[in-house]
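Trainee: Quick one: structure below, then a few questions.
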Amino acid sequence: MDDGVFSSAPPSTAAATAAAAAAAVGSSVIPIVNKLQDIFSQLGSSSTIDLPQVAVVGSQSSGKSSVLEALVGRDFLPRGSDICTRRPLVLQLVHQPRRPADAEADEWGEFLHLPGRRFYDFREIRREIQAETDREAGGNKGVSDKQIRLKIYSPNVLNITLVDLPGITKVPVGDQPTDIEARIRTMILSYIKHKTCIILAVSPANADLSNSDALQIARNADPDGSRTIGVITKLDIMDRGTDARNFLLGNVIPLRLGYVGVVNRSQQDIKSDLSIKEALAREESFFRTHPAYNGLAQYCGIPQLAKKLNQILVQHIKTVLPGLKSRISSQLTTTAKELSFYGDPVESKAGQGAKLLNILAKYCEAFSSMVEGKNEDISTIELCGGARIHYIFQSIYVKSLEDVDPCEDVTDEDIRMAIQNATGPRSALFVPEVPFEVLVRRQISRLLDPSLQCAGFIYDELVKMSHRCLAVELQQFPLLRRSMDEVIGRFLRDGLKPAQDMIAHIIEMEADYINTSHPNFIGGSKAVEQAQQQVRSSRLAAVARREGVDADRPSDKTQKTRPLLGRAGVNGVVTDHIQALRPSADAERPGSSGSGSTLWGMGSIGSIFSSSDDRTHSSARENSSNRSYTAATSHLEHALSTIQLREPPVVLKPSESQSEQEALEIAITKLLLKSYYNIVRKNVEDFVPKAIMHFLVNHTKRELHNYLITKLYRDDLFADMLREPDEITIKRRQIRDTLKVLQQAYKTLDEIPLEADTVERGYSLDSDSTGLPRAHGLSSFHDGSSPHSTPKQPRSRKSSHSGEQPFNPDASGNGF
Ligand SMILES: Nc1nc2c(ncn2[C@@H]2O[C@H](COP(=O)(O)OP(=O)(O)OP(=O)(O)O)[C@@H](O)[C@H]2O)c(=O)[nH]1
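Under the numbering used here, read the sequence shown as residues 584 to 1399, first letter to last.
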């Protein structure tokens, strides 16, 4: 040990103070981090800036605890020539504001295993570390990987975590297991493997540096050396005539971040209670006066080590700053937008009038855009606005009409009854038009209800849209919102009425004139043809069924082979159906029917019931039946004096059995009914939506703006309409305040890189004008700017960030 160095240059108090101030790890970064912390708290965020962890590794008694203690600037760690650190000590420094009135109580320690107990005396902290080590690892040199966690609260520290790890030992002693070396190495690696951990690889200068355990294990965890700082201790006790100059310069084992040589307190110094402050001053004197380290000031001393760490921390902060800035910037944009949304309260009448007009115009624009599907925030989740109108028209209204069977509520009996009633006392020679018209009108009138419902649905949609327009903006003016709702409600109701009237007219028009000349109408002859086919096929099916069932009853067969369409029944006319299938030449001539009823459409329908052959046949049959009737009566006259007819019932229904002719008539009527109904349905499906669009939807788009102005733009109403509720006024104030805070925060962040440069410059021991160390390994922590730039020279944001980023900001974290 070169005691002469210390004795020849006793430390001055000023130098000691300066050195001590410079030595504390992160002390110079505290203002920056405090500022960031302020920004976080002002923005109401509980998040903090996470700094990397620092871990000391090395062989046993290499001086790890001494280095850590010097960096923290307080005596609190057990140190000694024997094994001291036997459990990992996780030391969390917690910055807290200074309390002037109670300066003594500003700093204290707290152990996780002794919650709530504050240690103001740092010697007691050391004792507790020793006691807690013994409790877990025993008193006989045993080692445990169970952490001791200690928090130190102080206004002089940075929020950072430091880890003191047991030293690597080769030969087991005391209670140590045989594989102690492997165990300790595994334990150390578990800490330093994390990418956010800065490794202080401590090697004593009085041992063979090229075989350093510290450098070897650090290389395992950090092969490219981007986060390893080599620390060479005990330079004061190197062999006389040797020095660590080549090592410090990186000539022996190069390291990207370089080396720092330090002189800690010796065991003797510890015994004689040499303070850290004095020790630092002595260290400074040692390097200043030792010829071997002349010109290597930036590689020497605890303050240089602290500076190197600070540079890493500054670089880390620089890395996270852009993210922080962009967060604040986007918050700024959102808040500014919010404020512009609330705008400034308008006091003057003219201003109020203009504002009201503006709101009404914007409202109507928004309404039209919503109807036309042009609004900005088009939903991808559900149909909205005009698309809903389209859906109601096509998927609800049109679809419902198409699903309706026009004959659904018209039974065969209804048709039969209508036909019989229409022919009056005569027998029907032709299918009369009246029943068809009656029935088709009945079906047309059924279209009115769904059409009016459709108009009602669209009205509801418009009301909903009117509520959605400027919903957020109008929250600011509840009275105006209410008045607008009322006015718009009235306007829409007024628009619904003509739409409904038009719909009623459309249906009435359709019902009023049954246009059987419509080109799409099936017409009589075609209907007859189809009806005959239907009837024939159903008859054949019935015959086939019966034959299947009665195959073993031959007596019935004669009955079944009778002409099937012989019409016997209510009108007493018997018609041969086969005859009826042949259209008569007479019937094809319009007006040839001669009956009271008009022929349907194509003029060929009636003929099927009126062949002269039919009439001959039927009169022949009538004659024969009349003959037998006369015979029977004359016979009865002998037996009875009076024949009593049964009274006709009050309500008369057609006889139950339906003749095949009637079946044909019914089938024809149904075909005609369906055909005509389809024409009407298509017309209605087309015209009803047109009516609704014209009288209700487009009318609203065209006229609402004028209507709103007429009803609401009145001098005497301006103030009331635009009166804001108190909560809006408060909200505006809050947003303004937040905006100010954000602007300030943004400005502060902009200033931080400059301050960081100052930090880097502030603690150089040599006379380098830039103050920046020239260590080969430091380049990765520089900001890429020229080392010769003047301290006050402002830099652009871009240039303040290094291209090389030793830490991944996303992975950063101090572990707690
Ligand atoms: N002269 C001198 N002694 C030192 C120096 N650094 C440490 N020592 C002494 O070396 C011994 C070990 O120091 P520690 O700081 O306990 O070493 P450590 O690496 O933490 O030891 P373990 O935790 O037990 O592995 C102590 O007696 C210190 O006083 C130094 O730079 N010069």
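In this text, a Cβ means the ideal position worked out from N, Cα and C, and glycines have one as well.
Since we're looking at a predicted model, the values are computed, not measured.
Could you check the C-alpha separation between I853 and A804 for me, to the nearest Å?
Mentor: The residue given as residue 853 occupies position 270 in the sequence shown. The residue given as residue 804 occupies position 221 in the sequence shown. Cα to Cα, I853 sits roughly 33 angstroms from A804.
Trainee: Tell me Q531's beta-bridge partners as DSSP assigns them.
Mentor: Since the first and last residues shown for the chain are 584 and 1399, residue 531 lies out of range.
Trainee: If I measure Cβ to Cβ from I975 and keep anything under 8 angstroms in the same chain, skipping five residues before and after, which residues do I get?
Mentor: The sequence position of residue 975 within the sequence shown is 392, counting from 1. Around I975: C1037, F1040, I1041, E1044.
Trainee: Compute the minimum distance between the beta carbon of N723 and the heavy atoms of ligand 3, and state whether it is under 7 angstroms.
Mentor: Absent from the structure shown: ligand 3. Ligands present: ligand 1.
Trainee: Since I859 and V640 should fall inside the 8 angstroms C-beta cutoff, what is the C-beta to C-beta distance between them, to a whole number of angstroms?
Mentor: To locate residue 859, count along the sequence shown from 1; it is residue 276. To locate residue 640, count along the sequence shown from 1; it is residue 57. The pair is not a contact, with the Cβ atoms about 22 angstroms apart (cut-off 8 angstroms).
Trainee: What's the C-alpha gap between E1248 and S1108?
Mentor: On the sequence shown, residue 1248 is found 665 positions in, with the first residue counted as 1. On the sequence shown, residue 1108 is found 525 positions in, with the first residue counted as 1. If I take the Cα positions, the gap works out to 13 angstroms.
Trainee: What span of residues does the alpha helix (DSSP H) with Q881 cover, start to end?
Mentor: Within the sequence shown, the letter at position 298 stands for residue 881. Element bounds for Q881: n/a, residue is neither H nor E.
Trainee: Taking only three categories from DSSP, how would you classify P1081?
Mentor: On the sequence shown, position 498 is the one that residue 1081 refers to. Helix at P1081.
Trainee: Just curious, the alpha helix (DSSP H) that Y703 is in, first and last residue?
Mentor: In the sequence shown, the residue the question calls residue 703 occupies position 120. No alpha helix (DSSP H) holds Y703; DSSP gives it neither H nor E.
Trainee: Taking the continuous beta strand (DSSP E) assigned at Q636, which residues delimit it?
Mentor: Counting from one through the sequence shown, the residue named residue 636 turns up at place 53. Where Q636 is concerned, the enclosing beta strand (DSSP E) stretches over 636-641.
Trainee: Would A1246 pass as a contact of M1085 if the rule is Cβ separation under 8 angstroms?
Mentor: Indexing the sequence shown from 1 puts residue 1246 at position 663. Indexing the sequence shown from 1 puts residue 1085 at position 502. The answer is no: Cβ separation not under 8 angstroms.
Trainee: Can you give the beta carbon distance from S786 to S644, rounded, assuming they're within the 8 angstroms contact cut?
Mentor: Translated into positions along the sequence shown, residue 786 becomes position 203. Translated into positions along the sequence shown, residue 644 becomes position 61. With a Cβ gap of about 12 angstroms, S786 and S644 do not count as contacting.
Trainee: In its own chain, which residues sit with a C-beta less than 7 angstroms from the C-beta of S912, not counting the 5 before and 5 after it?
Mentor: Translated into positions along the sequence shown, residue 912 becomes position 329. Only Y1329 meet the Cβ criterion.
Trainee: Please report how far the alpha carbon of A827 lies from the alpha carbon of V637, in whole angstroms.
Mentor: As a first step, residue 827 must be located in the sequence shown, where it is residue number 244. As a first step, residue 637 must be located in the sequence shown, where it is residue number 54. Approximately 24 angstroms, taken between the alpha carbons.
Trainee: Since I believe I767 is in contact with I751 (beta carbons under 8 angstroms), could you give me their beta-carbon distance rounded to a whole number of angstroms?
Mentor: Here residue 751 is taken as the residue at index 168 of the sequence shown, counted from 1. Here residue 767 is taken as the residue at index 184 of the sequence shown, counted from 1. Right, the Cβ-Cβ distance comes to about 5 angstroms (below 8 angstroms), so this counts as a contact.
Trainee: Would you list, in sequence order, the uninterrupted beta strand (DSSP E) runs of no fewer than 3 residues that lie entirely inside the region 1036-1093?
Mentor: Runs of the beta strand (DSSP E) inside the region 1036-1093: none found.
Trainee: For A1001 and P1018, which I take to be in contact (beta-carbon distance under 8 angstroms), what is that distance rounded to the nearest angstrom?
Mentor: For this step, residue 1001 is matched to residue 418 along the sequence shown. For this step, residue 1018 is matched to residue 435 along the sequence shown. Confirmed, Cβ separation roughly 3 angstroms.
Trainee: Quick check on K647: buried or exposed, where buried means 16 or more other Cβ atoms within 10 Å of its Cβ?
Mentor: For the purposes of this step, residue 647 is taken as residue 64 along the sequence shown, with counting starting at 1. By the 10 Å Cβ count, K647 comes out buried.
Trainee: Keeping to the same chain, check which residues put their C-beta closer than 7 angstroms to that of I1262; ignore five residues upstream and five downstream.
Mentor: Here the question's residue 1262 lines up with position 679 in the sequence shown. The residues are H1101, N1103, F1104.
Trainee: Taking all protein chains shown into account, decide if S923 is buried (16 or more other Cβ within 10 angstroms of its Cβ) or exposed.
Mentor: Here residue 923 refers to the residue found at position 340 of the sequence shown. It counts as exposed.
Trainee: Just the C-alpha distance for K753 and P760, rounded to the nearest angstrom, thanks.
Mentor: As a first step, residue 753 must be located in the sequence shown, where it is residue number 170. As a first step, residue 760 must be located in the sequence shown, where it is residue number 177. Each residue's alpha carbon lies about 11 angstroms from the other.
Trainee: Can you round the beta-carbon distance between Y925 and I1311 to whole angstroms, since I take them to be within the 8 angstroms contact cut?
Mentor: Within the sequence shown, residue 925 is the residue found at index 342, counting from 1. Within the sequence shown, residue 1311 is the residue found at index 728, counting from 1. Right, the Cβ-Cβ distance comes to about 7 angstroms (below 8 angstroms), so this counts as a contact.
Trainee: I want to check one thing, is the minimum distance from the CB of V726 to the heavy atoms of ligand 1 below 7 angstroms?
Mentor: Within the sequence shown, the letter at position 143 stands for residue 726. Outside the cutoff, so no.
Trainee: Give me, in chain order, the residues of the same chain whose beta-carbon lies closer than 6 angstroms to that of I1226; leave out the 5 immediate sequence neighbours on both sides.
Mentor: Residue 1226 sits at position 643 when you count from the first residue of the sequence shown. Here the set comprises nothing.
Trainee: Out of curiosity, what's the CA-to-CA distance linking L907 and Y736?
Mentor: Position 324 of the sequence shown, counted from the first residue, corresponds to residue 907. Position 153 of the sequence shown, counted from the first residue, corresponds to residue 736. So the alpha carbons of these two residues sit roughly 26 angstroms apart.
Trainee: Could you check the C-alpha separation between F705 and K734 for me, to the nearest Å?
Mentor: Locating residue 705 in the sequence shown gives position 122, where the first residue counts as 1. Locating residue 734 in the sequence shown gives position 151, where the first residue counts as 1. If I take the Cα positions, the gap works out to 12 angstroms.
Trainee: Mark L879 as exposed unless 16 or more other C-beta atoms lie within 10 angstroms of its C-beta, in which case mark it buried.
Mentor: As a position in the sequence shown, residue 879 is number 296, starting the count at 1. Counting Cβ neighbours within 10 Å, L879 comes out buried, since at least 16 surround it.
Trainee: May I ask you to report which of helix, strand or coil DSSP gives P1272?
Mentor: On the sequence shown, residue 1272 is found 689 positions in, with the first residue counted as 1. Looking at P1272 - three-state DSSP - the assignment turns out to be helix.
Trainee: With H, G and I counted as helix, E and B as strand and the rest as coil, what does DSSP make of T994?
Mentor: By one-based count along the sequence shown, residue 994 stands at place 411. Here T994 sits in coil by DSSP.
Trainee: Quick check: Q914 and L1325, are their CB atoms within less than 8 angstroms of each other?
Mentor: As a working note, residue 914 is residue 331 in the sequence shown. As a working note, residue 1325 is residue 742 in the sequence shown. Yes, these two residues count as a Cβ contact at 8 angstroms.
Trainee: Look at the alpha carbon of L619 and the alpha carbon of L1332, and state the distance between them as a whole number of angstroms.
Mentor: Here residue 619 corresponds to residue number 36 of the sequence shown, with the count starting at 1. Here residue 1332 corresponds to residue number 749 of the sequence shown, with the count starting at 1. Going from the Cα of L619 to the Cα of L1332 covers about 8 angstroms.
Trainee: Can you give me the C-alpha to C-alpha distance between K920 and H973, rounded to a whole angstrom?
Mentor: Translated into positions along the sequence shown, residue 920 becomes position 337. Translated into positions along the sequence shown, residue 973 becomes position 390. Their Cα atoms are separated by approximately 35 angstroms.
Trainee: Take every Cβ of the region 926-943, pair it with every Cβ of the region 1053-1073, and state whether three or more of those distances are shorter than 8 angstroms.
Mentor: With the cut-off at 8 angstroms, the region 926-943 and the region 1053-1073 touch.
Trainee: Helix, strand or coil for F659 per DSSP?
Mentor: Position 76 of the sequence shown, counting from 1, holds the residue named residue 659. Residue state, collapsed to three classes: coil.
Trainee: Going by DSSP, which residues form a beta bridge with I751?
Mentor: Numbered from 1 along the sequence shown, position 168 holds the residue referred to as residue 751. I751 is bridged to S642.
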